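In full-length UniProt numbering, the protein residues as written are 1 to 110.
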Amino acid sequence: MGGEQLSLDPQRAAAGGRDLSSAGKSMVSLDNSTVAAIAVASQGQPWGRDDIGAAFHSNYAPLLQQFTEAFGQVAVYVESLGDAAIASVEDNLGADQRSGENVSKSYRTS
Numbered sequence: 001m002g003g004e005q006l007s008l009d010p011q012r013a014a015a016g017g018r019d020l021s022s023a024g025k026s027m028v029s030l031d032n033s034t035v036a037a038i039a040v041a042s043q044g045q046p047w048g049r050d051d052i053g054a055a056f057h058s059n060y061a062p063l064l065q066q067f068t069e070a071f072g073q074v075a076v077y078v079e080s081l082g083d084a085a086i087a088s089v090e091d092n093l094g095a096d097q098r099s100g101e102n103v104s105k106s107y108r109t110s
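In structure tokens:
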């Protein structure tokens, strides 16, 4: 970004971070409720335990396991990403303020 400036709308960026974090929290809630309920219900093999049910289960069970693990991880990542975006806005605003103070001090002491 040589010579380019970063233009930051802190209120909008922080609001986006809060929205992302909220979405992650909703996903975590879904993971703890709906996704968990599907996993528990699937343990009873409602499709049956005959040959067809067993064949279905042999394909379904590993995919359900992968899905539930991935969904849980994505939920936590989305929430964390929102929190990181908020922290980044705060860090950038703090750095900008400190830089401004340093420039002002430099001109006053010259």
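Ideal placement from N, C-alpha and C gives every residue a C-beta, glycine not left out. The structure displayed is predicted, hence computed values, not measured ones.
{"Query": "Could you please give the first and the last residue of the uninterrupted alpha helix (DSSP H) stretch that includes Gly16?", "Result": "10 to 30"}
{"Query": "Between which two residues does the alpha helix (DSSP H) holding residue 111 run?", "Result": "With the chain covering 1 to 110 only, the question about residue 111 has no answer from this structure."}
{"Query": "Can you tell which of Tyr60, Leu20, Ala15 has the C-alpha that lies nearest to the C-alpha of Gly82?", "Result": "Leu20"}
{"Query": "Taking C-beta to C-beta, are Gly17 and Ser88 nearer than 9 angstroms?", "Result": "yes"}
{"Query": "Can the beta-carbon of residue 111 be found closer than 9 angstroms to that of Asp31?", "Result": "In the structure displayed, the chain extends from 1 to 110; residue 111 sits before or after that span and is not available."}
{"Query": "Just to confirm my understanding: we take Val78, look at its own chain, exclude 5 residues before and 5 after, and list those with CB closer than 7 angstroms. What are they?", "Result": "Leu20, Ala23, Gly24, Met27"}
{"Query": "In chain order, what residues of the same chain lie with their CB nearer than 8 angstroms to the CB of Ala61, ignoring the 5 residues before and after it?", "Result": "Ser42"}
{"Query": "Take the Cβ of Ala70 as the centre, count every other Cβ of all protein chains shown within 10 Å, and call the residue buried at 16 or more, exposed below.", "Result": "exposed"}
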